[in-house]
Structure formats: C-alpha cells, structure tokens
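One structure is given below, encoded as structure tokens.
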Ligand SMILES: [Mn+2]
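In the numbering used here, the protein residues as written are 63 to 520.
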C-alpha cells in the first residue's frame, strides 16, 4: 500500500515538475521576446548613460515592465562592453567581429515601430509638446525628440536609383573623420557617431577624431570619455580636448594634425550619413589625389528630427558678390541622363568633403588667421581651383545634416568676424576687378582689418 502511494506521489511530482518546466519555458521565451525588442536599440540609453532629463512618465505599465527588463539587461551588457571590446585591428580586419555593443552588432534589427526609426519625425502632443518647444528655444534643435529616437536608427535611402549597386573598388584609401563640437547635445553627437560606425565599411574607417572645442556641458566631459571607451572598439573613436575655445577652424586643424588616415573628412557634430556614403568620395580621391569630393547634404529637421531629402534633386552651391553662400540645384539640362556621375562644384559647404590628407597639408591647410568660422569654405574652394585641384559633387554620397544656427558664439559679433575672414580670402585670391565688385556691394569691408589684432582674440 505504502509502495503504491509512493509511486503515485512520484508520478504526481514528475507531472508537477513538467508543468513547472513548461511554465518557466513559456515565461523565459516571453521575456526574451520583450527584452530583445528593446535591447536591440537601447531606446532610452542616452538618459541612462548621461542622466539627462527623463520624460514625463506617461508610459503604460507594459512599457514600464519592458523598460525595467531592458534596463537590467543593459547593465549586464554594459559590464560586457569593457570586457569584450575589440581592439582597433580586430575591428578593421573582420567585418563581422562582434563589438559587444548591440547598437552596432544589432544595427538594422531594431523595432521599426520606435519613434524616429527609419528617419521619421517625432511630433509630441500636450504637455510634452510645450516641453519640446521650450527646449527647441533653448538649444535650437529638438533635443527632447532626439533623446527618444534610437541612437542607431536607420535612414531612408536618399540616393538616385543609378547609385544602387555601383561596384566600388575593394581597395580604397582609408578615411579619418574629424568632428569638432562645442556643447553639442549628447544624443545628437552620439547618433552622428553611430551612423558613421554602422554605415561605413570597417576597413575604410581609419578613425573618428572628436575635437572638443572647450564645451561647457558637464555631460560632454568624463561621462563622454567613459562612454567612448566602453562602447566602441578600442582606439576607433578618439577625443581631443582643447583647453580653451579656439573656434571651428582651429578645432578642425587640431583634428587634422592628429589624424593618420589617407583621406580626411571634416564633419559637423549633428549629422547622419546615408547608405554607402563614403565609397563615392574615396573613389574620386583615389582616381586623382588633387580632387576634393563633396557629398550631397540632406536635411534633418530641427523641430522633428525627420530625415528629409528631395528625390531627383541635385544640390549645388554658389556665392554672390556679397559673398553670401547659398544652396541651389543643377537644372535638368545640367544633370543629363546619368545623374549619378560626378560634376564640378563651384564652392563647398563647410562640412563633409573628402580631401587627401597630405594634399591638404601641401595646400597649406586652412587660413589660420581666420576667426571662429565663416568664409573658410569659400577660401578653400577658390584655392583648390586656382592651385591645380578640382572640386566635385559626388551625387551618390548622401549625408543628413541638422540645419540650425550653430551653438558657436562670435567674439566681436558675427558680422565683424565674417567680414574679417572674407576680406582675407578676397585679398589673397581675387583680381582687382573682382575685388571691386565685392567692395562696391560691401563698402565697409574695404576698410576692414585683415591682420590679427592682439586685443581682439580670434
Ligand atoms: Mn552644421
């Protein structure tokens, strides 16, 4: 009797055990499913890392639960970052080597429904809307939206049809990306980095050099240093700190002097590159080292962070006799049947052009006497054309840029700084008849100073 009872109990135990295992399996599959959706993009990682302002909490309890799950996974992952971080060599030589950072390793596999994914804009309602608007006033860009958009979001393919499937050479020069910043909002800066890392072939991305031009935001100090060390392959993203504000031109030069890639590309700290953005630029430089190649700038809207582009619209740049730089487009008859082919450009926009690093040095780099920024893009373009080089538009290279007023300040006023810089460029490169055209429309420039004034720091 006792024996029968114990057999029955054993059966009951086995049965209970099986049910228990089944329930456990079900829960763990469910948890894995939820956490994977969020881990892939670290939705709110920027606040967790930098302790920035949290959103007014209006999430549903389900969302809260998922956030909790992803947070605990994040902490585990965070520990793994430093342990398994790749060396620079491993990263360069193996396109599939795991970095330990899901924002890189799981790029393209995030939840497409997250806000801002695939370049969509984010629009808020009610209380959140007024908060977002207040922050736009303060920072000139919707930082509230930026903090809610995945740092590694995808963007829509903005290229002409003819650009897709172009077979680029496998042996191309390597690129050093130089990104000066001053008080850039952390999530916007990091999105620039992730877009570069995720959309640039590893063996072509020699290094990314951030140049902190005396930022005042505390989050951009040690917290940023720690973030870079723990989240990117060792040595891939470096940071140089300028002890005192030098202005954009000097900051770019500092990056250039510390770079070692074949080609240098200056970036702004608020950009997102498009698919295969780098190869068209490097192809031009490889074909002729005195060719300077520009990509097409798309538009990241400052109020919604939407990645916008105009289909079949080919950007070009110009300037008038007031030296006002403007953006226009190639007419249909200038585009021709092959819009994807390169064509000469008159002047360049300040950022995102590729130039052979040694050629940049041979050319004399930037005019170091210029202040802050403004006019250096015109001067560089005139110098390239007048000294045996070429400046070309590479229409298959698309790069998104947040067009907004810069966080830069201009000691002595922006107009005075610009006129000072313009005059230096005009006096060096223009013939007398052209100088007159400029000074006729801009009479006070004729008497402006062109030499550094010790009482007027640049
Ligand atoms: Mn900019």
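C-beta: ideal position from N, C-alpha, C; glycine also.
This structure is a prediction, so every number in the text was calculated from the model and none was measured.
A distance below 6 Å between beta-carbons, with the five flanking residues on each side excluded, links residue 508 to the following residues of its chain, in chain order: 501.
Closer than 7 Å to some heavy atom of ligand 1: that describes the Cβ of residue 332. By the neighbour-count criterion, in which 16 or more other beta carbons inside 10 Å mark a residue as buried, residue 378 falls on the buried side. A residue is called buried once 16 or more other Cβ atoms fall within 10 Å of its Cβ, and residue 348 is buried on that count. For residue 380, the enclosing beta strand (DSSP E) begins and ends at 377-381. Under the three-state reduction of DSSP output, residue 373 falls in the coil class, being neither helix nor strand.
In the three-state DSSP reduction, residue 237 falls in the strand class (E or B). For residue 242, the pairing in a beta bridge is given by DSSP as 273. Linking residue 185 to residue 306 through their CA atoms gives a straight-line distance of about 37 Å. Look at residue 413: its beta carbon is less than 7 Å from one of the heavy atoms in ligand 1. Shortest gap from the CB of residue 293 to any heavy atom of ligand 1: 7 Å or more. In this structure, residue 332 sits away from residue 211, with a CB-CB distance that is not shorter than 8 Å.
Remark: fewer than three beta-carbon pairs, one from each stretch, lie closer than 8 Å, so the stretch 215-226 and the stretch 183-198 are not flagged as touching.
Within the model, the alpha-carbon separation for residue 393 versus residue 147 is close to 49 Å. For the stretch 170-231, the continuous alpha helix (DSSP H) assignments of 4+ residues that do not extend past its boundaries occur at 188-201 and 205-208, in sequence order. In terms of Cβ geometry, residue 258 and residue 239 form a close pair [threshold 8 Å]. DSSP places residue 268 within a strand segment (E or B) once states are collapsed to three.
Nearest Cα to residue 230 within the set 316, 344 and 162: 344. Straight through space, the alpha carbons of residue 485 and residue 443 are spaced by roughly 15 Å. Membership of residue 478 in the alpha helix (DSSP H) is indicated by the continuous run 476-491. Relative to ligand 1, residue 463 has its C-beta within less than 7 Å of a heavy atom.
When secondary structure is reduced to three states using DSSP, residue 300 falls in the strand class.
Under the DSSP assignment, residue 361 falls in the beta strand (DSSP E) whose first and last residues are 353-362.
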